[in-house]
Amino acid sequence: MPPDAYYNVYHPSPRPSLDMAYALPYTPIRYDHRPFVTPDSYGSGDDGWGDKRRDTDDYERVDSPRKKPRITLPRGHACVACRTRKLKCQEGIRPCATCIKANIECKDEDIPRKKPRNVVLEERILELEGLLGIRKGSSARPSISTSSYSTDSGPSSDLMLGEPLYSGPSRISTPYVGSQPRIMPPPLSSASPHMELDIVPGSSIELALIQYILPYTPHLLIPVHPERLLAELSLSSHDPSRPHPALLYVLFSEAVRHLEAGIPPTQLPKPPYLFHPSLTPPIPSSGINRDSLLAHLGGTAPLLLERARHELDVGIRQVDRVFDLSRAAVGIARSLYTQGRFVEGWSIPVANLAIACGLHRISGGYIPPPPSISPATKIASIPDPYAREHEYSHAHTYGRPQVGQPQLRMKVVLVPPARDEIEVAERVMTFWAVKRQCWTMSIGWGWPDPLPDEECTTEWPWGWGHVEAGVANERYSLMDLFDPSSVMHTSTQADTTYTLATKSTALLARASSLSDLPHSQRTVALPDGTVVATYMAPMPEIKDLQTAIALFRQHIPAPFTFPPPPASSAPSTTPPSPTASPDIYDGPSDPFWILLHTNLYTAEMLMWWEMANHQTEAHHSAVQCARAIIGLAVLVPDEKWANVDMLSALGLSYAARVLNKEAYLLQAAGAIERAERAISDSEVLRHCLEGPINKYLKVAGAFSQIVNRIKAGQSEKIGEYERV
Numbered sequence: 002m003p004p005d006a007y008y009n010v011y012h013p014s015p016r017p018s019l020d021m022a023y024a025l026p027y028t029p030i031r032y033d034h035r036p037f038v039t040p041d042s043y044g045s046g047d048d049g050w051g052d053k054r055r056d057t058d059d060y061e062r063v064d065s066p067r068k069k070p071r072i073t074l075p076r077g078h079a080c081v082a083c084r085t086r087k088l089k090c091q092e093g094i095r096p097c098a099t100c101i102k103a104n105i106e107c108k109d110e111d112i113p114r115k116k117p118r119n120v121v122l123e124e125r126i127l128e129l130e131g132l133l134g135i136r137k138g139s140s141a142r143p144s145i146s147t148s149s150y151s152t153d154s155g156p157s158s159d160l161m162l163g164e165p166l167y168s169g170p171s172r173i174s175t176p177y178v179g180s181q182p183r184i185m186p187p188p189l190s191s192a193s194p195h196m197e198l199d200i201v202p203g204s205s206i207e208l209a210l211i212q213y214i215l216p217y218t219p220h221l222l223i224p225v226h227p228e229r230l231l232a233e234l235s236l237s238s239h240d241p242s243r244p245h246p247a248l249l250y251v252l253f254s255e256a257v258r259h260l261e262a263g264i265p266p267t268q269l270p271k272p273p274y275l276f277h278p279s280l281t282p283p284i285p286s287s288g289i290n291r292d293s294l295l296a297h298l299g300g301t302a303p304l305l306l307e308r309a310r311h312e313l314d315v316g317i318r319q320v321d322r323v324f325d326l327s328r329a330a331v332g333i334a335r336s337l338y339t340q341g342r343f344v345e346g347w348s349i350p351v352a353n354l355a356i357a358c359g360l361h362r363i364s365g366g367y368i369p370p371p372p373s374i375s376p377a378t379k380i381a382s383i384p385d386p387y388a389r390e391h392e393y394s395h396a397h398t399y400g401r402p403q404v405g406q407p408q409l410r411m412k413v414v415l416v417p418p419a420r421d422e423i424e425v426a427e428r429v430m431t432f433w434a435v436k437r438q439c440w441t442m443s444i445g446w447g448w449p450d451p452l453p454d455e456e457c458t459t460e461w462p463w464g465w466g467h468v469e470a471g472v473a474n475e476r477y478s479l480m481d482l483f484d485p486s487s488v489m490h491t492s493t494q495a496d497t498t499y500t501l502a503t504k505s506t507a508l509l510a511r512a513s514s515l516s517d518l519p520h521s522q523r524t525v526a527l528p529d530g531t532v533v534a535t536y537m538a539p540m541p542e543i544k545d546l547q548t549a550i551a552l553f554r555q556h557i558p559a560p561f562t563f564p565p566p567p568a569s570s571a572p573s574t575t576p577p578s579p580t581a582s583p584d585i586y587d588g589p590s591d592p593f594w595i596l597l598h599t600n601l602y603t604a605e606m607l608m609w610w611e612m613a614n615h616q617t618e619a620h621h622s623a624v625q626c627a628r629a630i631i632g633l634a635v636l637v638p639d640e641k642w643a644n645v646d647m648l649s650a651l652g653l654s655y656a657a658r659v660l661n662k663e664a665y666l667l668q669a670a671g672a673i674e675r676a677e678r679a680i681s682d683s684e685v686l687r688h689c690l691e692g693p694i695n696k697y698l699k700v701a702g703a704f705s706q707i708v709n710r711i712k713a714g715q716s717e718k719i720g721e722y723e724r725v
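Take the sequence shown: its letters are residues 2 to 725, numbered as in this note's numbering.
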């Protein structure tokens, strides 16, 4: 048998809950399909199922009543090719005659040996000691016993054969489904200082983690329909309709991180009267104590995130449930960004997966009819416009298009048509989660958006953050936001704070791009007479953005404007009156409302800052926008920063930088009192970043350090250079 056929074999334990596997990288599952073992085959040395076994790989002879017992001879040293093909080999002569005749490479490899029972027991002791250390909160990692044996320990009383944790192509690690977490040694050739977790599908811990994190998913850029996700979790691990492990493990990681940080769930204020009630069903509670979950999973969020990244890589290689991979990629990238791991987050193929799924071109909500079953073939037909390969009309061939049917142009996507309105909503909201992620990196680091606005025709999202079936609204796309003649600006359709926050992010991204145009628009003369190119934004582009922001502000519903009505910001001890104004909305309690207005003021601030290159007086308008952000920040209670988007913290950081630069200009002009006031205003924002926001969003501390560097007269960031 070839060496790569020796793999660990496991048996099911009474109740699956959680599996900790000390195994990186993963080992593919291979089950050895042996025939029924008869007494004749005992002692062959390679079946591993004999009743009489020694501690080494040589077994005793077993007498057979039917024929002469087989004598186990010592194994020879044939080359790999002869051993595989079971041919006689010239021992000691390389290359052998067989390989020379077949014109193939002749090489030797050691036959893997099975571990003696004492080695298996020693490793089992180490596993239990490591488990005991984890349960006591110890950070020490269990040591791995090194030996000259392979990792195949054969069947033992500690291991029983069980079904894989995840079936299908994306599941490549072998689970140990014990009643408690277990630490398994990795292959000795690839021992790793990291541990890796398996959470068994259908277990109570899986359900508890998903139910715990569901209220947070609108703020994690992972759009899911709560009721449908819970229904899909109830499916068998062999069912391809079950969510992909990459999506589940990033949700597990976020659940553990939220548990450890004590992040409270968002309770959105009651929508104003002009909005329909949300169609999202209530989310059931997990029913498991928070301390109990932390006792099992405390400190495992990084391991779960690494597991999600591995499952994403495997899923991409095997093109498995690509839409789930797209959602998982957004969640993984966002998690990395919030930890300050920006280059790693940028390397996640967020935009590429969205394009492969066709999420950027969802225009209209086409739902195919249910497939019909042919009575002759008993095979379900594929609904139009999705057809079998031989039915496609290729773009480079001549063909007469059918009347009333879309022209197939081979714009390939990797997902089938949506089954219903909920799947359409999932895809639309996932696209905007992808777009917000791309905009975030473009705004924060100046890198070009990998999904250009002009390429996107998907309609704007709807609802309050959770996936819900769309209502019969007019459909508008991204470019309508920048088109003054679009009827979107005069529509009577009211947008929710979630939709408004998405649109405001588009405006902020356009304002940020003014400082990084691809082509020079002007030239300037230096004092020595040299003429050089300058990349200052031209005035027409700045004016276009100014118009788009003004039209957008006019379309914000009155309850969502800033500052909010006084009654919404002042807490009251008396219950609201039934005759109270329905226009009152507690905006500072809504993370999307906070994101909406920080985005708008930051976009206007950057726009005025660029306009100051043409009109000096525009500089004062930029400073006023920065001070407006201060007014917004002091209005938000500390606990309401819990689920804000990273862009909100970035907007506060931008405003603090502008105020510090304003202070330097005022000091140079001799206006000391005004300079001190600007520094004082900047400190308000910096303390907000270091305090309540940093408690829940660690990257806010990095934004605060940038403000400190500017205050000290240093460059904004270390290890970054300006593109020339």
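C-beta: ideal position from N, C-alpha, C; glycine also.
Open item on the list: Less than 9 Å between the C-beta atoms of residue 590 and residue 224, yes or no?
Closed with: Here residue 590 is taken as the residue at index 589 of the sequence shown, counted from 1. Here residue 224 is taken as the residue at index 223 of the sequence shown, counted from 1. Using a Cβ distance threshold of 9 Å, residue 590 and residue 224 do not count as a contacting pair.
Task: Option nearest residue 656 by Cα separation, candidates 606, 545, 302, 667 - done: To locate residue 656, count along the sequence shown from 1; it is residue 655. It is 606.
- [ ] Measure the C-alpha to C-alpha separation of residue 687 and residue 711 and round it to an integer number of angstroms.
- [x] As a position in the sequence shown, residue 687 is number 686, starting the count at 1. As a position in the sequence shown, residue 711 is number 710, starting the count at 1. The C-alpha of residue 687 lies about 12 Å from the C-alpha of residue 711.
- [ ] Express the C-alpha separation of residue 672 and residue 342 in angstroms, rounding to a whole number.
- [x] Taking the first residue of the sequence shown as 1, we reach residue 342 at position 341. Taking the first residue of the sequence shown as 1, we reach residue 672 at position 671. The alpha-carbon atoms of residue 342 and residue 672 are separated by roughly 40 Å.
Open item on the list: According to DSSP, simplified to helix, strand and coil, what is residue 199?
Closed with: Walking along the sequence shown from the start, residue 199 turns up at place 198. Three-state result, residue 199: strand.
- [ ] Starting from residue 672, trace the alpha helix (DSSP H) both ways and give me its first and last residue.
- [x] Indexing the sequence shown from 1 puts residue 672 at position 671. Premise fails: residue 672 is in no alpha helix (DSSP H) and is neither H nor E.
- [ ] Tell whether a beta-carbon distance below 9 Å holds between residue 593 and residue 466.
- [x] As a working note, residue 593 is residue 592 in the sequence shown. As a working note, residue 466 is residue 465 in the sequence shown. Yes.
Open item on the list: Measuring straight from C-alpha to C-alpha, what distance separates residue 706 and residue 311?
Closed with: Taking the first residue of the sequence shown as 1, we reach residue 706 at position 705. Taking the first residue of the sequence shown as 1, we reach residue 311 at position 310. Rounded to the nearest angstrom, the two C-alpha atoms are 32 Å apart.
Open item on the list: One question on the structure: do residue 627 and residue 682 come within less than 9 Å of each other, judged by their Cβ atoms?
Closed with: As a first step, residue 627 is located in the sequence shown; it is residue number 626 there, counting from the start. As a first step, residue 682 is located in the sequence shown; it is residue number 681 there, counting from the start. The Cβ atoms of residue 627 and residue 682 sit closer than 9 Å to each other.
Task: N- and C-terminal bounds of the alpha helix (DSSP H) containing residue 554 - done: As a working note, residue 554 is residue 553 in the sequence shown. DSSP places residue 554 inside the alpha helix (DSSP H), whose first and last residues are 540-555.
Open item on the list: DSSP three-state label for residue 533, please.
Closed with: Stepping through the sequence shown from its first residue, residue 533 is reached at position 532. Reduced to three states, the DSSP call for residue 533 is strand.
Open item on the list: Please report the distance separating the alpha-carbon of residue 216 from that of residue 588.
Closed with: Along the sequence shown, one-based indexing puts residue 216 at 215. Along the sequence shown, one-based indexing puts residue 588 at 587. Distance between the alpha carbons of residue 216 and residue 588 is about 19 Å.
- [ ] Report the three-state DSSP secondary structure of residue 624 (helix, strand or coil).
- [x] In the sequence shown, counting from the first residue as 1, residue 624 sits at position 623. Helix.
Task: Top-ranked residue by Cα proximity to residue 213, from 238, 259, 200, 245 - done: Translated into the one-based positions of the sequence shown, residue 213 becomes position 212. Taking only the C-alpha atoms, the option nearest residue 213 is 259.
- [ ] Pick helix, strand or coil for residue 525, following the three-state DSSP scheme.
- [x] If you number the sequence shown from 1, residue 525 lands on position 524. Strand.
Open item on the list: What residue range does the alpha helix (DSSP H) around residue 313 cover?
Closed with: Here residue 313 corresponds to residue number 312 of the sequence shown, with the count starting at 1. Taken as a continuous stretch (DSSP letters only), the alpha helix (DSSP H) holding residue 313 covers 302-319.
- [ ] Would you list, in sequence order, the uninterrupted beta strand (DSSP E) runs of no fewer than 3 residues that lie entirely inside the segment 419-487?
- [x] Complete beta strand (DSSP E) runs here, min 3: none at all.
Task: When 347, 319, 619, 675 are compared against residue 446, the one with the closest alpha-carbon - done: Counted from its first residue, the sequence shown places residue 446 at position 445. Comparing Cα positions, the closest option is 347.
TODO: Could you check what DSSP says for residue 238 in three-state terms: helix, strand or coil?
DONE: Position 237 of the sequence shown holds residue 238. For residue 238, the three-state secondary structure derived from DSSP is coil.
Open item on the list: Here's a check: name, in chain order, each residue in its chain whose Cβ is nearer than 6 Å to the Cβ of residue 600, leaving out the five neighbours to either side.
Closed with: Along the sequence shown, read from residue 1 onward, the residue named residue 600 stands at position 599. So the list reads 505, 506, 509, once near-sequence residues are dropped.
- [ ] Say yes only if the C-beta of residue 435 is nearer than 8 Å to one or more non-hydrogen atoms of the ligand MG, and no if none qualify.
- [x] With respect to the ligand MG, the structure shown offers nothing to examine, as it has no ligands at all.
TODO: To the nearest angstrom, report how far apart residue 153 and residue 443 are at their CA atoms.
DONE: Against the sequence shown, residue 153 aligns to sequence position 152. Against the sequence shown, residue 443 aligns to sequence position 442. Per-residue confidence for residue 153 stands at a pLDDT of 37, beneath the threshold of 50, marking its modelled position as unreliable; the derived number appears in the next sentence. C-alpha separation (whole angstroms): 49 Å.
TODO: Might you give, ordered along the chain, the residues of its own chain that have their beta carbon closer than 7 Å to the beta carbon of residue 437, omitting 5 neighbours on each side?
DONE: For the purposes of this step, residue 437 is taken as residue 436 along the sequence shown, with counting starting at 1. Its chain contains 222, 503, 506 as the residues whose beta carbon lies nearer than 7 Å to that of residue 437, once the 5 sequence neighbours on both sides are disregarded; these appear in chain order.
TODO: Return the Cβ separation of residue 697 and residue 609 in integer angstroms, given the expectation that the two are a contact with Cβ distance under 8 Å.
DONE: Counted from its first residue, the sequence shown places residue 697 at position 696. Counted from its first residue, the sequence shown places residue 609 at position 608. Between the beta-carbon of residue 697 and that of residue 609 there is about 31 Å, and that puts the pair past the 8 Å contact cut.
Open item on the list: Taking its Cβ as the centre, do 16 or more other Cβ atoms sit within 10 Å of residue 536, making it buried, or is it exposed?
Closed with: As a first step, residue 536 is located in the sequence shown; it is residue number 535 there, counting from the start. By the neighbour-count rule (16 or more Cβ atoms within 10 Å), residue 536 is not buried but exposed.
TODO: Would you kindly check if the distance between the Cβ of residue 457 and the Cβ of residue 487 is under 9 Å?
DONE: As a first step, residue 487 must be located in the sequence shown, where it is residue number 486. As a first step, residue 457 must be located in the sequence shown, where it is residue number 456. The answer is no: Cβ separation not under 9 Å.
- [ ] Go ahead and pull the three-state DSSP assignment for residue 728.
- [x] Nothing can be reported for residue 728: it is not among the residues displayed for the chain, which extend from 2 to 725.
Task: Nearest neighbour of residue 210, chosen from 254, 220, 237 [CA to CA] - done: Mapped onto the sequence shown, residue 210 falls at position 209. Comparing Cα positions, the closest option is 254.
Open item on the list: Given a cut-off of 9 Å on the beta-carbon distance, is the pair residue 415 and residue 435 in contact?
Closed with: Counting from 1 along the sequence shown, the entry for residue 415 is found at position 414. Counting from 1 along the sequence shown, the entry for residue 435 is found at position 434. In this structure, residue 435 does not lie closer than 9 Å to residue 415 by Cβ.
Open item on the list: For residue 713, count the other beta carbons within 10 Å of its own beta carbon; 16 or more makes it buried, fewer makes it exposed. Which is it?
Closed with: As a first step, residue 713 is located in the sequence shown; it is residue number 712 there, counting from the start. Under this definition residue 713 is an exposed residue.
Open item on the list: With H, G and I counted as helix, E and B as strand and the rest as coil, what does DSSP make of residue 652?
Closed with: Locating residue 652 in the sequence shown gives position 651, counting from the first residue. Three-state result, residue 652: helix.
TODO: Identify, in the order they occur along the chain, each residue of the same chain with its Cβ nearer than 7 Å to the Cβ of residue 265, setting aside the five sequence neighbours on each side.
DONE: In the sequence shown, the residue the question calls residue 265 occupies position 264. Sequence-distant Cβ neighbours of residue 265 in its own chain, meaning closer than 7 Å and more than five residues away, are 640, 643.
Open item on the list: Please report the distance separating the alpha-carbon of residue 1 from that of residue 93.
Closed with: Outside the modelled stretch of the chain, which goes from 2 to 725, sits residue 1, for which no answer is possible.
Open item on the list: Please state whether the Cβ-Cβ distance between residue 337 and residue 356 is less than 9 Å.
Closed with: The count along the sequence shown starts at 1 and reaches residue 337 at position 336. The count along the sequence shown starts at 1 and reaches residue 356 at position 355. The Cβ atoms of residue 337 and residue 356 do not sit closer than 9 Å to each other.
Task: Endpoints, alpha helix (DSSP H) assigned at residue 212 - done: Position 211 of the sequence shown, counting from 1, holds the residue named residue 212. For residue 212, the enclosing alpha helix (DSSP H) starts and ends at 205-214.
Task: Cutoff 6 Å; reference residue 676; Cβ partners in own chain excluding five residues on either side - done: The residue you call residue 676 lines up with position 675 of the sequence shown. Within the same chain, and ignoring the five residues on either side of residue 676 in sequence, the residues whose Cβ sits closer than 6 Å to its Cβ are 664, 667, 668.
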